[in-house]
Amino acid sequence: MKAFVGGTLIDGTGGAPRADAVIVVEGERIAAVGNRGEIPIPPEARVIDASGKWIVPGLIDAHIHFFQSGGLYTRPDVIDLRDVRPYADEITGIRQRVPDTLARYVASGVTSVVDVGGPFWTFEVRDLARRTERAPRVAVAGPLIATYFPQELKAEDPALIKVDSAEESRATVREILARKPDLIKIWFIPLPGRSPAFQTAIVQAAIEASHAAGTRVVVHATELETARAAVQAGADILAHSVEDRRVDEAFIKLLKDRNVVYVTTLVVNEGYQEVLGRKVRLTDIERRLGDPEAIATFDELASLPVWKRPWAFHWFSRDIAFWNLKRLQQSGVTVAAGTDAGNIGTLHGPALHREFELMAEAGLSPHEILTAATQGGARVMGRSAELGTVEQGKIADFVLLDADPLADVIHLRRIFRVVKGGAVFDPRAWDEQKPSMRSRL
Ligand SMILES: [Zn+2]
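In structure tokens:
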């Protein structure tokens, strides 16, 4: 039994911060929360002095991919450098580093992540995380169901499965459901030469098959009309911000009526732009906790022949995505913070803290950002009853901070201790304690 005594608790329910709080933890659960003097501190409890600290629920990254490293060679369908590093070698390296990657999340204050699409081996990552102390809770979608397969991503166990009919769509969902995914993911990309009705039929079939099994569906759709079609077809979660056009009233009403969660992923576009534009600016926490092997690849672009270097990347209208996020937040749509970590330039663990800065630039308050990163993420995990707030009966996942996160979201990276399932971690001790054995997944 442990008692965290004297901190200022921001419990994530939306209430005012509670000064001089006591949190009693028994096993992996929160046994009691209250003010000092109001609830007894059991004599057998180990007291952890939290005075001068702020306590927030464990952070949740609602959109990541374990099959991507964050490095330059991880998306050959975006920039094909397979003659420099074969894709199979990239995947082997990623799988060897999974225990490190899990530890990086915990050190970053991230106690839960949602892997929104990857090879079947990502189910083994979920298993490994369950039996590893220094690992976040992992929810997994398994292979993305797609109407298009980029040949560069060919692998023994690919991240995507292409379907060509509603029947194939249903069959693929059944195959993934056999592995007990937390979610089913659909990659909904408008394809030239294919009618929207054809693609909607495939999406609809996948959603019906998932819902029949009680499994929620997350859809990749970055255009307003694709996102609208996905939600109308029954999608429970939108994996990305809408980036092409401003959202309209009908869309907002649709998301609210259907109780859809909107995941932000603002940082992923910045990551691509910085690495491929050779203007990488790492934040302090990225330098400390980002995977050095991924970071080392960023500079390798400069040494490649000129003809291999991309000219420019302008896929992303930052203004529209920011405007939409602010508008949806104001309208009361549930927002979850997610990074799309693993994509080029988006580093597992610390990227979430850069996402918070971008959400703040979009006009969200620190409190709204914290809620998106805790309650919002718990919704995507499908575990709102257990995660997302610091309340009696919930799982003891929380973070002790050296500075007030409601004064500035940048303080969410001033991590003093991370508590996951009642176990206390010192992120500064991470380097000495990181896994010495690298198990291949
Ligand atoms: Zn993604």
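Heads up: the sequence shown at position 374 corresponds to 365 in this note's numbering, and the numbers run straight through without jumps.
By construction, the Cβ of each residue, glycine as well, lies at the ideal position given by its N, Cα and C atoms.
Nothing here was measured: the structure is a model prediction, and the numbers come from that model.
Asked                                                                                                                                : Found
Bridge partner(s) assigned by DSSP for Glu17                                                                                         : Arg20
Tyr139, buried or exposed, once every other Cβ within 10 Å from all chains shown has been counted against 16                         : exposed
Sequence ranges, alpha helix (DSSP H) only - wholly within the segment 240 to 293, length at least 4                                 : 240 to 249, 258 to 267, 275 to 280, 283 to 289
Neighbourhood of Thr217 by C-beta distance below 7 angstroms, restricted to the same chain and skipping five residues each side      : Phe179, Pro181
CA-to-CA distance, Ile335 to Gly62, given in whole angstroms                                                                         : 5 angstroms
CA-to-CA distance, Asp52 to Gly368, given in whole angstroms                                                                         : 7 angstroms
Proximity below 7 angstroms, CB of Phe(-5) to CB of Ile32                                                                            : no
Complete runs of the beta strand (DSSP E) confined to the segment 135 to 212 [at least 3 residues]                                   : 135 to 137, 151 to 153, 174 to 178, 207 to 211
Cα-Cα separation between Ile311 and Ala212, rounded to whole angstroms                                                               : 15 angstroms
Delimiting residues of the alpha helix (DSSP H) encompassing Phe57                                                                   : Looking at the DSSP string, Phe57 is not in any alpha helix (DSSP H), and its letter there is neither H nor E.
Given 8 angstroms, three or more beta-carbon pairs between the segment 78 to 93 and the segment 369 to 385                           : no
Top-ranked residue by Cα proximity to Leu349, from Val258, Arg20, Ala394, Asp68                                                      : Val258
Chain-order list of residues whose beta-carbon lies under 6 angstroms from that of Val326 (same chain, five-residue window excluded) : Tyr253, Gln320, Ala363, Gly367
Three-state secondary structure assigned by DSSP to Leu378                                                                           : coil
Cβ-based neighbour list, Arg431, same chain, cut-off 7 angstroms, excluding 5 preceding and 5 following                              : The predicted position of Arg431 is uncertain, since its pLDDT is 34 and thus under 50; no value can be drawn from it.
Own chain partners of Ile243 with C-beta closer than 8 angstroms, once the 5 adjacent residues on each side are dropped              : Arg318, Leu319, Ser322, Val324
The segment 101 to 110 / the segment 144 to 160 touching (three or more Cβ pairs under 8 angstroms)                                  : yes
Under 7 angstroms between C-beta atoms of Tyr283 and Ser99                                                                           : First, the amino acid is wrong: residue 283 is Pro here, not Tyr. Not a contact, by the Cβ cut-off of 7 angstroms.
Exposure of Phe313, with buried meaning 16 or more beta-carbon neighbours within 10 Å                                                : buried
Whole-Å CB distance - Leu229 paired with Gly3, under 8 angstroms assumed                                                             : Not quite, the Cβ-Cβ distance comes to about 22 angstroms (not below 8 angstroms), so this is no contact.
Cβ-heavy atom distance, Val107 to ligand 1, below 6 angstroms                                                                        : yes
Short Cβ contact (7 angstroms threshold) for Ile136 with Thr102                                                                      : no
Sequence-distant residues of the same chain with beta carbon closer than 8 angstroms to Asp71, five excluded per side                : Glu143
At least 3 beta-carbon pairs within less than 8 angstroms: the segment 112 to 131 vs the segment 151 to 158                          : no
Cβ-Cβ separation, Ile55 to Gly333 (assumed contact under 8 angstroms), whole Å                                                       : 6 angstroms
Cβ pair Val209, Lys176 closer than 7 angstroms                                                                                       : yes
Rounded separation between Ile406 and Lys(-7) - CA only                                                                              : 19 angstroms
Secondary structure of Trp314, DSSP reduced to three states                                                                          : helix
Backbone secondary structure at Pro357 - three-state DSSP                                                                            : helix
Nearest to Gly5 (by Cα), restricted to the options Gly(-3), His358, Glu291                                                           : His358
Between the CA atoms of Val116 and Val498 - distance to the nearest angstrom                                                         : There is simply no residue 498 to check, as the chain begins at -8 and stops at 432 in what is shown.
For Gly368, three-class secondary structure by DSSP                                                                                  : helix
Collapsed DSSP secondary structure at Asp91 in the structure displayed                                                               : helix
Range covered by the beta strand (DSSP E) that runs through Leu448                                                                   : Because the chain is modelled from -8 through 432, residue 448 falls outside the range shown and cannot be assessed.
Collapsed DSSP secondary structure at Thr325 in the structure displayed                                                              : strand
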